[in-house]
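Have a look at the structure below, then the notes.
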Amino acid sequence: MFYHGLSSYMELAFPKDELMPITGSGFDTIGNFSLTLIDALDTVMIMGNKQLFKALYPLISNIDFNINVNVSVFETNIRVIGGLLASHIIASTDPDIRETYDFSLLDKAEEMGKKLLPAFDTPTGIPYGTVNLLDGVNEGESLDVCTACAGTFSLEFTWLSLLTEDPVYEQVARKAVRELWKRRSSIDLFGNHINVATGQWVYKECTIGGLVDSFYEYLLKSSIAFSDEVEYQELFWKAYRAVKVYMKKGDWHVDVIMDNGIVSHPYFYSLGAFWPGVKILAGDVAEGMAELNAMSEIFRLVKFLPEALSLEEPARIVEGREPYPLRPEFVESLWVAYRATKNPTLLEAAYEIVDRLNNITRTKYGFANVRNVKTLELEDKMESFFLAETLKYLYLLFTPDNEYNVGNYVFNSKSI
Ligand code: DMJ
Numbered sequence: 001m002f003y004h005g006l007s008s009y010m011e012l013a014f015p016k017d018e019l020m021p022i023t024g025s026g027f028d029t030i031g032n033f034s035l036t037l038i039d040a041l042d043t044v045m046i047m048g049n050k051q052l053f054k055a056l057y058p059l060i061s062n063i064d065f066n067i068n069v070n071v072s073v074f075e076t077n078i079r080v081i082g083g084l085l086a087s088h089i090i091a092s093t094d095p096d097i098r099e100t101y102d103f104s105l106l107d108k109a110e111e112m113g114k115k116l117l118p119a120f121d122t123p124t125g126i127p128y129g130t131v132n133l134l135d136g137v138n139e140g141e142s143l144d145v146c147t148a149c150a151g152t153f154s155l156e157f158t159w160l161s162l163l164t165e166d167p168v169y170e171q172v173a174r175k176a177v178r179e180l181w182k183r184r185s186s187i188d189l190f191g192n193h194i195n196v197a198t199g200q201w202v203y204k205e206c207t208i209g210g211l212v213d214s215f216y217e218y219l220l221k222s223s224i225a226f227s228d229e230v231e232y233q234e235l236f237w238k239a240y241r242a243v244k245v246y247m248k249k250g251d252w253h254v255d256v257i258m259d260n261g262i263v264s265h266p267y268f269y270s271l272g273a274f275w276p277g278v279k280i281l282a283g284d285v286a287e288g289m290a291e292l293n294a295m296s297e298i299f300r301l302v303k304f305l306p307e308a309l310s311l312e313e314p315a316r317i318v319e320g321r322e323p324y325p326l327r328p329e330f331v332e333s334l335w336v337a338y339r340a341t342k343n344p345t346l347l348e349a350a351y352e353i354v355d356r357l358n359n360i361t362r363t364k365y366g367f368a369n370v371r372n373v374k375t376l377e378l379e380d381k382m383e384s385f386f387l388a389e390t391l392k393y394l395y396l397l398f399t400p401d402n403e404y405n406v407g408n409y410v411f412n413s414k415s416i
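If you're matching positions, the sequence shown starts at 1 in the UniProt record's numbering and goes up one per residue.
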């Protein structure tokens with residue numbers, strides 16, 4: 001499946017960002033910088049294909065980041081800097097590659113890091129959501145940024161500082177988290193959008209779904225990744241406890257107002273399906289498994305998890321939120337759960353997903369987003385994260401002895 005998608009991307013879409021899997025061409029989506037290659041490259045090595053990795057990584061030196069394009073600071077960090085650093089760490093440590101490896105992936109990661117830095121130059125230190133790769137922050141740029149978009153830098157930026165010996169990345173990432181933290185509510189919840197100039201919340205709804213999700217994820221993962229790290233660890237446990245107290249309803253978590261915990265949307269989001277994985281990584285295995293089982297029940301009723309599902313009786317797919325864009329979060333949680341429990345029913349669920357992806361979303365040139373999980377109509381788009389995340393986790397689920405299952409790794413939000 002991975003090679004079916006990757007070879008079409010390289011033949012028909014590269015150097016565009018993403019593959020159009022139905023018509024067999026490519027288009028630029030988030031940055032005009034060959035996103036799929038950068039995002040998916042580390043998965044080539046996870047699958048053990050050193051020859052292909054060696055053939056592909058030199059192409060990255062020629063990708064031009066000096067382009068007049070506005071990019072999401074968050075997406076560019078997790079997928080581009082995250083992708084480049086993951087591949088760099090692999091290339092510089094693999095005995096068969098490091099002899100000839102020229103550190104060009106780290107150079108590109110640093111180049112992109114420098115281009116994202118102007119976004120952090122705000123009165124609060126909370127970054128803008130978007131930056132222009134040529135000119136920095138545009139005049140008139142929106143002052144509102146989502147919490148995840150402001151607080152999901154600590155893994156990549158700390159690694160970038162460690163590898164380049166330039167502390168600035170680690171510092172701006174930590175400052176952004178501290179500034180968000182200062183503005184938590186009296187019950188330790190967060191809104192989903194904040195103004196980077198005033199530090200006032202723009203939307204006071206707290207969610208573990210998109211807009212806040214990876215802010216929580218990075219507090220935990222940073223405390224695991226950096227052994228001398230205590231600050232993120234303390235923040236994570238406080239924030240995690242508040243999510244449990246105010247947002248957990250039965251096995252699910254719902255959206256609540258940050259000031260009083262009143263339920264605003266009793267919704268499950270496909271993006272929130274990473275939460276059982278966070279729980280299990282935090283050691284909360286029984287609760288993580290219970291939530292994952294609840295999600296698996298839904299998965300029995302629909303072919304793919306939709307973007308949003310109302311949990312009010314009778315449960316229904318939220319209008320306008322019917323797509324399944326080949327997201328990884330559910331398989332990510334299955335993978336974390338399987339590593340922790342070795343429960344074979346998790347493999348059965350993963351196999352069922354593989355089957356449905358092959359039967360429903362596979363096209364002549366790759367795999368296509370599902371536009372509507374009820375009609376199973378497809379869209380001519382294959383997200384970079386399908387190769388970089390969804391298939392990576394599926395592959396790891398079925399290769400228990402893989403170095404990246406048994407070794408000491410922390411996966412970022414995109415993910416290694
Ligand atoms: C990915 O790029 C990342 O997992 C991100 O944190 C959330 N959205 C997509 C996948 O759904």
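Note that the Cβ used here is the ideal one computed from N, Cα and C, for glycine as well. The model shown is predicted, which means the values in this text are computed figures rather than measured ones.
Q) What residues does ligand 1 have around it, judged by CB closer than 5 Å to any heavy atom, in chain order? A) This selection yields S214, R327, F385, S413.
**Q.** 7 Å Cβ cutoff met for A86 and D17
**A.** Contact flag unset, no.
(Q) Looking at P118: is its Cβ nearer than 7 Å to the Cβ of V137? (A) In this structure, V137 lies closer than 7 Å to P118 by Cβ.
Q. With a CB to CB cut of under 6 Å and the five nearest residues on each side skipped, what residues in its chain are close to L292?
A. Take L292, set aside five residues on each side of it, and the residues of its chain with a beta-carbon closer than 6 Å to its own are P276, S333, A337, in chain order.
**Q.** Same chain, Cβ closer than 6 Å to I416, neighbours up to 5 away in sequence not counted
**A.** With a pLDDT of 46 at I416, under the threshold of 50, the modelled position of this residue cannot be trusted, and the question is left open.
Q) Hey, would you say M382 sits closer than 7 Å to P21, going by beta carbons? A) Yes, the Cβ-Cβ distance between M382 and P21 is below 7 Å.
Q: Under 7 Å Cβ to Cβ from A150, same chain only, skipping five residues before and after it: list those, please.
A: Same-chain partners within the cutoff: I126, P127, A176, L180, I194.
Q.
Quick check on this structure: which residue in T23, F274, M10, Y232 has the alpha carbon closest to the alpha carbon of D39?
A. It is M10.
Q | 4 or more residues per run - each alpha helix (DSSP H) lying fully within the segment 12-92 | A | If we require 4 residues or more, the alpha helix (DSSP H) runs fully inside the segment 12-92 come out as 35-46, 50-56.
**Q.** A308 (DSSP reduced to helix, strand or coil)
**A.** Looking at A308 - three-state DSSP - the assignment turns out to be strand.
Q. Does the pairing of the segment 184-200 with the segment 372-387 give three or more beta-carbon distances under 8 Å?
A. Because the criterion of three Cβ pairs below 8 Å is not met, the segment 184-200 and the segment 372-387 do not touch.
**Q.** Beta-ladder partner(s) of I257, from DSSP
**A.** In DSSP, I257 forms a bridge with E205.
Q) Taking N32 as the reference, which of T76, L56, Y3, Y57 has the closest Cα? A) Out of T76, L56, Y3, Y57, the CA that lies nearest to the CA of N32 is found in T76.
Q) Where P323 and G261 are concerned, what is the direct C-alpha to C-alpha distance, given to the nearest angstrom? A) So the two alpha carbons sit approximately 29 Å from each other.
(Q) Whole angstroms are fine: how far does the CA of W335 sit from the CA of Y365? (A) Going by C-alpha positions, Y365 is about 27 Å away from W335.
Q: Could you tell me if A242 is buried or exposed, where buried requires 16 or more neighbouring beta carbons within 10 angstroms of its beta carbon?
A: Buried: at least 16 other Cβ atoms inside 10 Å.
Q | Buried/exposed call for A225, threshold 16 Cβ in 10 Å | A | Buried is the call here.
Q | N369 classed as buried or exposed, judged by whether at least 16 other C-beta atoms fall within 10 angstroms | A | By the neighbour-count rule (16 or more Cβ atoms within 10 Å), N369 is buried.
Q: Identify whether S142 lies in helix, strand or coil by the three-state DSSP scheme.
A: Note: S142 maps to coil in three-state DSSP.
**Q.** Best match in L301, E348, D284, M258 for proximity to K374 [C-alpha to C-alpha]
**A.** In terms of CA proximity to K374, L301 leads the group L301, E348, D284, M258.
**Q.** Start and end residues, alpha helix (DSSP H) containing S264
**A.** Boundaries for S264: no alpha helix (DSSP H) harbours it, while the beta strand (DSSP E) harbouring it runs 263-265, taken from the DSSP string.
Q | Length of the line joining the Cα atoms of D135 and L143 | A | Distance from the CA of D135 to the CA of L143, rounded to the nearest whole angstrom, comes to 17 Å.
Q: Can you tell me which of the three DSSP states Y365 falls into?
A: Coil, per DSSP.
Q.
For a quick check, are the C-beta atoms of A148 and L211 less than 7 Å apart?
A. For A148 and L211, yes; Cβs fall inside 7 Å.
**Q.** Straight-line gap, K238 to K249 (C-alpha atoms, nearest Å)
**A.** Take the alpha-carbon of K238 and the one of K249: they are about 19 Å apart.
Q: Answer yes if the segment 396-413 comes into contact with the segment 340-351, meaning at least three C-beta pairs across the two stretches below 8 Å, and no otherwise.
A: Under the three-pair Cβ rule at 8 Å, the segment 340-351 counts as touching the segment 396-413.
Q: Find the nearest neighbour of H88 within the set S72, K108, F153, F74, judged by alpha-carbon distance.
A: That would be K108, whose Cα lies nearest to the Cα of H88.
Q | Ordered list of alpha helix (DSSP H) runs contained in the segment 281-360, each at least 4 residues | A | If you keep only unbroken alpha helix (DSSP H) runs of at least 4 residues inside the segment 281-360, you get 285-301, 329-341, 344-356.
Q: Can you grab the Cα-Cα spacing for the pair S7 / L105, in whole Å?
A: Between S7 and L105, the C-alpha separation is close to 21 Å.
(Q) Looking only at its chain, what residues have a beta carbon closer than 6 Å to the beta carbon of Y203, apart from the 5 residues adjacent to it on each side? (A) Answer for Y203: G191, N192, H193, listed in chain order.
Q) Residue range of the beta strand (DSSP E) that N132 falls in? A) Residues 130-132.
Q. According to DSSP, what are the bridge partners of Y269?
A. Y269 is bridged to A308.
Q) Leaving out the 5 sequence neighbours to the left and right, which residues in its chain are closer than 7 Å to A273 when beta-carbon positions are compared? A) Here the set comprises M295, L305, E329, F330, S333.
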